[in-house]
Structures are given as structure tokens and as C-alpha cells.
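Protein chains in written order, with the working numbering: chain A, 1 to 310; chain B, 1001 to 1362; chain C, 2001 to 2256.
Where a beta carbon is used, it is the ideal one built from N, C-alpha and C, also for glycine.
Taking it in order: structure first as C-alpha cells, then the write-up.
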Amino acid sequence: METFLQQTLNGLVSGSIYALVALGYTMVYGILGLINFAHGDLLMVGALVALQTISLLNSAVPGLHPVVLLLAGVLTAVPVCMAVGYLIERIGYRRLRNAPKLAPLITAIGVSFLLQTLAMILWGREFHVFPQLVSTTPMQPIDGVVVSPLQIFTIVVAFALMAGLMLLVNKSRLGRAMRATAENHRVAGLMGINANGVIAATFIIGSGLAALAGVLFASNYAIAHYAMGFTPGLKAFTAAVLGGIGNLPGAMVGGLVLGLVESFGAGYIEHLTFGFLNSSYQDIFAFIMLGAVLIFRPSGLLGERVADRA
Amino acid sequence: MTTTSSTLTLPAGFSLDPRVQRPLVILLALVAPIVALSFGKSWVRVLDFAMLYVMLAIGLNLVVGFAGLLDLGYIAFYAVGAYTWAFLASPHFGIHLPFWVVLPLGAAFAAAAGITLGFPTLRLRGDYLAIVTLGFGEIIRIFMNNLNQPINITNGPQGIDSIDPLVIGGVDLSMDTSIFGLHTPSVVLYYYAFLACVVAALILVRRCQISRIGRAWAAIRDDELAAKAIGIDTRAMKLLAFAMGATFGGVAGGLFSAFQGFVSPESFSLTESIVVLTMVVLGGMGNLAGVVLGAVLLTALPELLRHFAVPMQMALFGKTLLDPEVLRMLLLSLAMIVMMLVRPAGLLPARTRYAHRDRRNA
Amino acid sequence: MITLLESRTVNKRFGGLQALTDVSLKIHRGEVYGLIGPNGAGKTTFFNVLTGAYPIDGGEFVMNGAELPGGKPHLIVQHGIARTFQNIRLFRELTALENVMAGHHIRSSAGIWGVLAQTRATREEERLMQERALEILDYVGIGRHADTVAKNLSYGDQRRLEIARALATEPQLLALDEPAAGMNATETAGLRALVETIRADGVTVLLIEHDVKLIMGLCDRVAVLDFGKKIAEGTPAEVQRDPDVIRAYLGGHRAH
């Protein structure tokens, strides 16, 4: 029972981060039908920019309160990622909207590698220690279940952001324009919506979320490096597909489900395979799940079946 | 003279008569190792690797360029071929089978892996397929890394070494040999063996391209619904493309294993898949000559960077700002983006033919 | 009159929308059969269900006495039904000739081993296919464009090429989805002549069209769809006088 609760908690922490990144994938997909491969790398950019700010600030003004440092990190990481996300859309994808279908995909892969390489140039290949600005001192609310303030913080922040995004999409003018554009670019354009602007806004919002996810991710694992975006990016994509790509609540649910599956999988895999496989296989759960979902329910858990236009 | 105007027009503004082109390329391919040897064996080694990459690029091109299926885990088939050779021709399990058994087996296993992966996934949309294949590549790598316990199959991250070299007709290609009294280093022997494989691969793929199968692939790539509407069994054709592409990957992998004498999971990372994809994209998806060019250019790139970019940076800045590996990644990623934006048809502007037309008019 | 294709109470739903309700009709061998109706009446849906692009939800199609397999476009072609698309769907990067040769796919048999080995049979088949494809291109009137890449052809020629590609599958029933859409008067006249020729050569034609003049001049019989139901069937002249048809076209209940 304690293991169960513990694994649930661990799953929720990673799952809420996946959900944040998955939202970015799903928003862009919903509006452009494009898998933005580079999205996971924005998480990396967010984490490393935040780290850079924090260490600069810390050496310039020693003894600042950790919350100030964290805030400063976030406040630089988010705009930087938003700018990068905007540039990617503007320079890379916009010209390819009507190109044959492989072109934007290949460009996206190129952008992903470009971001990683640039990060490698700026920050080197080594793993950087990400400071633990929110306490990680374990607490034991229930016997046998360990939870840290950082974990609670992660879950709370992630859920707050998701709620905020849902409000934005469902209640605001921009949200309405986004939904209209996702439905049909040209018609939205005819109705006076600036489709290019809406698409850019989508990239910007998604990138901002990825930056925050990056800071949360790096805080939880206490590590940042140039290739850190790949695995969570892939998992977040899985989460988006799991929930039904293009579907915002789906991405959130998908993220949480994936986090839980992974956490339980890693906890029980040795039993399940009679010791043949161990927890170093944790990462394959996401892939296997992705494969299974795509094969058996490509529209995702919450997705509706959409007929292909003939 | 207008006969040369419609042929291969190179950006620099000079063009070649096709009657000259072909013998020139053959001559170049034949003398390349001899020229390279005068600069040192390491350059011949680069050529050897170039030939392996050409084979990989030919195989991936068949999948991406002909059939339009974006496979981001292609290197997994290379791995299957390489590990097959390592298992069946090394002291690791104490099995030492000859190449004419191991190489076809590796190809067959790779094809089987391709079919296994393709069977459930090929009805997916293109972009989903890309991600699933990427995941597949990673799964294969995770297994290679971890299947050293509880039973040691792959020897984990350490990899397998002392792998048997390629021995053809009693000639051990890993030894320098004397041919007609000429001292021939191992790397040169391997070059010609690989070149023979590349030529065979090119002939086979070209035959596929100009056939009802190649046209069916191109049809699926250009418009899947329309392809179905003229009666093409798109699923079967895609599986065939996947299996054939994988086969070439498997053969290249086996040769790599023998040549290198050592395999480890590190050689089969996602980056490698992307490198091969860039070769295909750079040369021009579908265009065989372009793909060969792309593969040769990009294999030579890191070596050229090592030899030229580093001294140049030293001269300019007094230190190495960007090491060759980083520079290579930078150029690769930029190549992919810029090619798609500016020149999506690739460096060589030739259109891919799917029918013989030289007889009537061309 | 020999029935070539019969649809029996064909139904198709999209979620809550009933797109086709019990559509039954018979197409006779050798005729040009028109399918007309206001926008959204279900004409293209009927096409898509017939050719297997959509699975069928009820009823069946019978071709030459045999039930067609639903939802499997590539099998339906083998039963002798070929189609074109409302928004032209060519293989853009292939030449006109290669497009038509691709259309021969199911009427040729070279397998992968034959192709790899370039057996005599494979080479012979390839040569015949090319000859036949050139004939078909000449037949539809674009033989001189055989080596032009499809995407570079003019609009009217693209339409013709699509018909050529469909003919290459050697169909008994050629289903044309709004072939005259976007064509000028000259092009339409040319198309009409082509369809006449195709019929004269023994291929039955099923035609969806908006151009009433074309339908009336070309079709032997016409069925009218409205709201997914067949509301009339007969010769063009009969249908034109049918009060239900007049109501469907002139509005009344559709005006909202």
C-alpha cells in the first residue's frame, strides 16, 4: 500500500511535467497538424537559461532568497523560450505550411538538433547541477510515503498553469481565435482572424509552458544539460497522443496517465518479468504505450474519431 | 551545341555530357582509395565508412525518398545486422560462421525486424510513423545496453569485440595482402568489397525504382488515397519498402561489424539515424545519385572539419572555439533546415525517373 | 438491359448525420449514368462509399452479380470500378506517362524477385505497359505531354490525365466526380467528346456533375439525390419535369 501511494505520488510529479510539455505539442498540432519535434528541446532551453540566470545572479548578489532566484530564473527562461518558439515558427515552419508533408517534419527534426547543438556550444556537453531552490527535505505525511515540498510545488504549479491555459483557451478572445483557426485557417482568416498571429501566439504560449516545465524538470532531477529535452519531449508527445492529439484536456490526462504508468511500471517491472527486466527499462514504457495507443486507438483516450477528408 | 543543356547542371555553371558522366564516376570510384592512400590510410578508412553510409543512405532513401515513409529509427536495422554478425562470428558465443551465412542472416533478421515494426505501424499517418520508428530505434538501443543480465546476450554498453573480419575466398580482408605483387592494405581491400556491395545495391534499387513497384511507392508517397483508388495495396507495398530498406541496413550493419571488429550500442544512437536522414535529404530524396553524393559528402565532413576547421580556428582565434564534432552537428542541422526551406529537391537537380524513356525521347 | 452495378439500400452515417439513406439504383452496362443533386446531397459520399474510401454502414453494392468488399479501395478496383476525384489527385512528381503506368498496377504482375532479377517477363511486361500507357495518353488527347511532370500540366490536361490513369486500370465502370468543375466552355466540350468516346468503346460511366447542361446532354439516365435520399430517377427529360426535383433545386424547404 505504501509503495502504491509512493508510486502514485512520483507518477503525478513526472506526469504533471509531461502534461505541461504535452500541451505545447497538442496546441501546435491542433492548429497546424504538425508535430513540432523541437518542442522537447524548448524544455531544455528553459532549464539552461534559468540555470544561467540563477548562477549569474547568485554570484553577483550572494545570499539572495531562493524564491527570488527561482523567480528570476523563470522570468528569463519564459521570455527567451517564447522568443525562440516564435522564431522557429516564423523562420522555419511558416514557409512550409503548404509544402509536401515530409518537409516540415524534417525541418522540425533539424531545428531540434540545431537547438541541442547551440546549447552544446553555449553550455558545453557536461551535466550541470541545477540548484534545489525549493526544499527537497523529505516529509512523511503517512508512514512509508515520502514527499518533498518541491514535489508538492511541482504538482501545484503544473495544475495552476493547466487551469490558466484552459481558461485562456475557453474564455478569452485569443482562445476563441485559436479554436477557430484550428478548425479552418482560411475560414478563420475570412472572418477577420489573423491566422498568422494566432499561430504565432500558439507557439509562444506552448514555448512558455515548456520553459516552465523545463525549470520544474531540472529542479526535480537537480540536473540540466543540452540533450535533456529529448526523453521528456518524446514522452510528452506520447502523452499528447494518448489523450488524443489536438485535445487540450486530453494532453493533461495523457501526461498524468503516462507518469503513473511509468512510475508503476518501474516499480513492478522486475516482478512482472520474473527479474528478467529491471528498472533500467523504465524508458521503454512510454514507447510501448505510444505504439499500443497508435495501433489500437489512434484517436487517443479522449479523442474523437475524425473521418479523413477524401 | 545544345545537347548538354538539359543534363545535370551543376550550380557552379558547368555541365557534363551524360556520356562522360558515367565513366567519370566509375573511374573516380575505382581510383579513389589509391589517391586517398597517398594522404594516409586514415583517409581510405573514411572512404570505407563512406561506402557503408552510402549503403545505409540507399536503403533509407528507398523508404523515405521512394515510398515517402519517414523512418527515424533506421539505424536500428543497421544495429540488427551488426549484432547478428557479432553474435555469429566472434568469440562472444564462440560461433564463427562464414560471411556468406552471416551476411544473409543479418539481412533477413533486419528485414524481419522491418516487417515486425511495419506491420502494425504502417497504417499510421506519416508523422506518427516518424515518432514510432524513433521510439523503436531507442528501444533497440535500450535492449542492446541492458541485455547483459541476467543472461549476457549483448554484453551491454561494453559491446562485443574481436569480431571476425570479412574473409572472402580465403583472403582475410583485415590483413594487408599482396595482389599481383602490389602491397595492398586492408582498408583498400575493404573499400573494394564495400564498393562492390554499393554497386550491387544501386543496381537493385534502380531496378525497383523503374518498375511497377517503384511507381507504386511513388504513387503512395505522392497521394496515398489516389494510390488506393487505382488498386495499389498500399499496406503491402509499404511493408515491402520497409523490409527492403531494412535489408540494406542489415547488410551494411554486418559489414560494419566485420570491418570495425567491434560493436557497441553507442554506434547506433538516434544521431546516427538523423545523420543518414540528412544524407538522403541533402542529396535529394528519391534521387539515387544525389543520395550517394550526400552520403559521401557527409561522411567526409567530420574528417575535413578535423583537418581544416580546427587549424583555421587556431589561426584566426588562437584557440578552437568549436570542436569538429559540434561543428558537424551544427552543419547537419542547418543543412536539414536550409535544404527543406530553400532547395527541397536536394543538391542534384535531376528528376527521379520511374519509367524507361531513353528509347523514344529524353 | 444488363445491370452492371446495383446499389441496394446503401446507408452511410457520419456521427449523428445520416449522409445516405437507403440509396438503391441500377446502372446498366454501356450507359452514362448521372448522379445529381444540390450541394451536400450526398453525391460524393455515395462515390466514396462505392469506391471503398469510406466503409459502408448498411446495404451493399453488387457488381456483375458479385457483392463488392466494402472499405477496401484497392480490391474494388479489381472488380472493375475506377474513379477520379473532385479535387484532382494526381501523383504530382510523376510524369503523365508514369501516372498512367502506375494505373496499370493491378493489370500487371511483376513481383519483387522478378524486378530485382529483371527477368525477361518483367522487361517485356514493362515494355508493353509503356506502350499501352502511351496509347491511353493519346486516347485522352495528351500524348504529347507524356513526359511532362503531372504538377506542371494545365488544369484541363490534369483532368484528362486523371481519366487516363483511371482507364489504365481497365475498368468496366468509370466513375467521374465532377470532371467539368473549373473547366471553361471549350474544355468542357472536349471533355464531353471524350466521355462519349469512352462510352462508345464499351465503358460504362457514372458521372457526378453540377453542370446541368452537360448532364442533360450526356447522360442516358439520371438519379437525383437530396438529403442523402434518392428522390427521382429517369431520363434527363423525365427528371427535369419531376416536381420533387424542381422543389429540391429551387429551394423551398432548403432555404435557411
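- Classified as buried, C/Glu-2098 has 16 or more neighbouring CB atoms from the shown chains inside 10 Å of its CB.
- Of all C-beta pairs linking the segment 2126-2136 of chain C to the segment 2099-2111 of chain C, three or more are shorter than 8 Å, placing the two stretches in contact.
- The Cβ-Cβ distance between C/Asn-2011 and C/Gly-2058 falls below 8 Å.
- In this structure, B/Phe-1143 and B/Leu-1117 do not form a Cβ contact; the two beta carbons are roughly 14 Å apart against a cut-off of 8 Å.
- B/Phe-1248 is positioned such that its CB atom lies closer than 8 Å to that of B/Ile-1058.
- Taking 8 Å as the cut-off, the beta carbon of C/Leu-2035 is found closer than this to the beta carbon of C/Leu-2207.
- Listed in chain order, the alpha helix (DSSP H) elements of length 4 or more contained wholly in the segment 1103-1190 of chain B are 1126-1146.
- Cβ-Cβ distances below 7 Å link B/Val-1188 to Pro-1033, Leu-1037, Val-1044 in the same chain, with the five nearest sequence neighbours on each side left out; the list follows chain order.
- Contact of B/Val-1281 with chain A by beta-carbon distance below 7 Å involves Ile-106.
- Secondary-structure assignment with DSSP links C/Lys-2012 through a beta bridge to C/Leu-2020.
- Of all C-beta pairs linking the segment 1089-1101 of chain B to the segment 1227-1241 of chain B, fewer than three are shorter than 8 Å, placing the two stretches out of contact.
- Using a Cβ-Cβ cut-off of 8 Å, A/Ala-99 counts as an interface residue toward chain B, since at least one Cβ of chain B sits closer than that to its own.
- Neighbours of C/Pro-2073 in chain B, taken as residues at a C-beta separation under 7 Å, are given in chain order as Lys-1228, Ala-1229.
- The beta carbon of B/Thr-1234 sits no closer than 8 Å to any beta carbon of chain A.
- About 12 Å separates the CB atoms of C/Leu-2161 and C/Pro-2179; that is not less than 8 Å, and the two are not in contact.
- It is roughly 10 Å from the alpha-carbon of B/Ala-1258 to the alpha-carbon of B/Tyr-1190.
- Judged by their CB atoms, C/Pro-2073 and C/Gly-2040 are not nearer to each other than the 8 Å cut-off.
- Excluding residues up to 5 positions away in sequence, Phe-1066, Ala-1067, Met-1237, Ala-1241 lie with their Cβ nearer than 7 Å to the Cβ of B/Trp-1217 in the same chain.
- Excluding sequence positions up to five before and after C/Leu-2137, its CB lies within less than 7 Å of the CB of Ala-2096, Leu-2097, Val-2100, Gly-2143, Ala-2146, Ala-2164, all in the same chain and listed in chain order.
- About 5 Å separates the beta carbons of A/Leu-242 and A/Val-293, which is inside the 8 Å limit, making them a contact pair.
- With at least 16 other beta carbons inside 10 angstroms of its own, A/Phe-113 counts as buried.
- In this structure B/Pro-1302 is buried. Its beta-carbon is surrounded by 16 or more other beta-carbon atoms within 10 angstroms.
- In this structure, A/Tyr-226 and A/Gln-52 do not form a Cβ contact; the two beta carbons are roughly 13 Å apart against a cut-off of 8 Å.
- Inclusion of B/Ser-1211 and C/Val-2115 in the CB contact set at 8 Å is warranted, their separation being smaller than that value.
- When 9 Å is used as the limit between beta carbons, C/Ala-2053 is near these residues of chain B: Leu-1225, Lys-1228, Ala-1229, in chain order.
- For B/Ala-1350, there are no neighbours in chain C by C-beta distance under 8 Å, as the nearest C-beta there is about 13 Å away.
- Taking 4 residues as the minimum length, the alpha helix (DSSP H) runs contained wholly in the segment 2128-2203 of chain C are 2155-2168, 2185-2200, in order along the chain.
- B/Tyr-1074 is positioned such that its CB atom lies no closer than 8 Å to that of B/Gly-1214.
- Interface flag for A/Met-120 against chain B is set, since a Cβ pair is found closer than 8 Å.
- Linking A/Val-253 to C/Thr-2188 through their CA atoms gives a straight-line distance of about 54 Å.
- For C/Gly-2234, the enclosing beta strand (DSSP E) starts and ends at 2229-2234.
- Taking the Cα of C/Arg-2092 as reference, the smallest distance to any Cα among B/Leu-1047, B/Phe-1109, B/Ala-1226 is reached at B/Ala-1226.
- By alpha-carbon distance to C/Glu-2233, the top candidate from C/Leu-2068, C/Thr-2084, C/Val-2023, C/Gln-2018 is C/Val-2023.
- Judged by pairs of C-beta atoms under 8 Å, the segment 1108-1126 of chain B does not touch the segment 1271-1282 of chain B, as fewer than three such pairs exist.
- Per DSSP, B/His-1307 has no beta-bridge partner at all.
- Taking 8 Å as the upper bound on Cβ-Cβ separation, chain A lies near residues Ala-1130, Ile-1131, Val-1132, Leu-1134, Gly-1135, Phe-1136, Glu-1138, Ile-1139 of the segment 1129-1141 of chain B.
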